[in-house]
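Just so we're aligned: the sequence shown equals residues 427 to 684 in this note's numbering.
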Amino acid sequence: MQIAHISDLHIVADTGPVGLVQPDAVARARALIRDLSAFRPKLDLVVITGDTANDARPDEYAELAGLLADLPIPYIVIPGNHDDRHLLRQVAGEQAYADADLMYHKRDCGQARIFALDTLSQGEIGGRLLPPQLDWLAQEIGNPFEGHTFVAMHHPPCAPRMGRLDKAILLEGQDALRSILDAQRQTVTVLCGHMHRPFSAFFGRSLVSAATSTAFQFELQLDAPHEPPTSAAPYHYVIHVIDAQGGHVMHRQTPDLS
Ligand SMILES: [Fe+2]
Numbered sequence: 427m428q429i430a431h432i433s434d435l436h437i438v439a440d441t442g443p444v445g446l447v448q449p450d451a452v453a454r455a456r457a458l459i460r461d462l463s464a465f466r467p468k469l470d471l472v473v474i475t476g477d478t479a480n481d482a483r484p485d486e487y488a489e490l491a492g493l494l495a496d497l498p499i500p501y502i503v504i505p506g507n508h509d510d511r512h513l514l515r516q517v518a519g520e521q522a523y524a525d526a527d528l529m530y531h532k533r534d535c536g537q538a539r540i541f542a543l544d545t546l547s548q549g550e551i552g553g554r555l556l557p558p559q560l561d562w563l564a565q566e567i568g569n570p571f572e573g574h575t576f577v578a579m580h581h582p583p584c585a586p587r588m589g590r591l592d593k594a595i596l597l598e599g600q601d602a603l604r605s606i607l608d609a610q611r612q613t614v615t616v617l618c619g620h621m622h623r624p625f626s627a628f629f630g631r632s633l634v635s636a637a638t639s640t641a642f643q644f645e646l647q648l649d650a651p652h653e654p655p656t657s658a659a660p661y662h663y664v665i666h667v668i669d670a671q672g673g674h675v676m677h678r679q680t681p682d683l684s
């Protein structure tokens, strides 16, 4: 089975320039949806780790809803710091949410199970995981499972060593999350976004795979004191292939977004 991971579409309803977001961000997101839809063998799930809209406006979520209506593949979506979780929840429809407000939930998909976490902390760029959500995760992830376990969240749980950007990761719940994941018998893969740059890391025993953005990407500047300049590097997303024995392989797919 195949799971694609994308993030940070930053859908904008305005046609003019909006901050760092490329003017053709919506067209690029639409091209990405086409690529995901056409991929063969057919994808089993798409995981979208937040920042779906840029300014959390209703018209941006209407645009997002139209895009996702063209995706013939089940998907998981969780909020990022640019999202409004109530508007996003209307787009995502009724899921098995474990909370009346937050969007954290579990999805089983063949040999994979995905714990989708909601790290949005209103008014902050960084994210937080508070005890009710961590308690839910600790209880649910402890249930026996023979396949591969993913945790999906917008904010990286560990710093990418990119200077100023390191201050905008998961700000609360980091140690508790690491303890929960390290206590599992099998290695967990953490899918995140937010940094607008792809990177991989180890977070305790867990592998972190951070997706980049279709809307804009940052140049690699390690330990930069300021926000790095944007980059014109080709966009890619990652396909996670899980086999019946729980084996896990990651491949880069570089779609044509023009
Ligand atoms: Fe973002």
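Where a beta carbon is used, it is the ideal one built from N, C-alpha and C, also for glycine.
When the Cα of residue i is compared with those of the options, which residue comes out closest?
i	options	result
S657	L546, L560 and Q647	Q647
L555	H436, V473, M621 and M579	M579
D481	G673, F576, D527 and A641	A641
R416	R460, L493, R511 and Q521	Residue 416 cannot be examined here, being either before or after the span of the chain that is shown, 427 to 684.
G506	G568, R460, V634 and C618	C618
Q516	L490, D534, Q565 and C535	L490
S639	E653, H620, E645 and F628	H620
A408	D485, Q612, V616 and S605	Past the edges of the chain, shown from 427 to 684, lies residue 408, and the structure says nothing about it.
M529	R587, L563 and A670	L563
Q643	L446, A439 and V438	L446
L683	D450, I567, Q428 and F465	D450
A670	F465, P467 and H574	H574
So residue i and residue j are in contact, right, with Cβ under 8 Å, and what is the actual spacing, rounded?
i	j	result
L607	V614	5 Å
D477	H531	With 8 Å as the limit, D477 and H531 do not qualify as a contact, their Cβ atoms being about 19 Å apart.
D434	S463	About 19 Å; that fails the 8 Å criterion.
P651	R590	6 Å
I551	A585	Actually they do not touch by this definition, with Cβ atoms about 14 Å apart.
I668	A457	Wrong, their Cβ atoms sit about 26 Å apart, outside the cutoff.
I432	V472	6 Å
D470	P681	D470 to P681, Cβ: 18 Å. No contact.
Using a 10 Å radius around the Cβ and a threshold of 16 neighbouring Cβ atoms, would you call residue i buried or exposed?
i	result
V675	exposed
T545	buried
S632	buried
H677	exposed
Q600	buried
S635	buried
E486	buried
F629	buried
Q612	exposed
P583	buried
A455	buried
Could you name the residues that DSSP lists as bridge partners for residue i?
i	result
V452	Answer is none; V452 lacks a bridge partner.
Q643	S657
A627	V634
D534	R539
Under 9 Å between the Cβ atoms of residue i and residue j?
i	j	result
I474	I499	no
D547	L597	Before going on, a small fix: residue 547 reads as Ser here, not Asp. Yes. Within cutoff.
G553	H581	yes
A522	R533	yes
G673	E572	no
I665	A430	yes
A439	A488	yes
Q417	L543	The question about residue 417 has no answer, for the chain in this structure spans 427 to 684.
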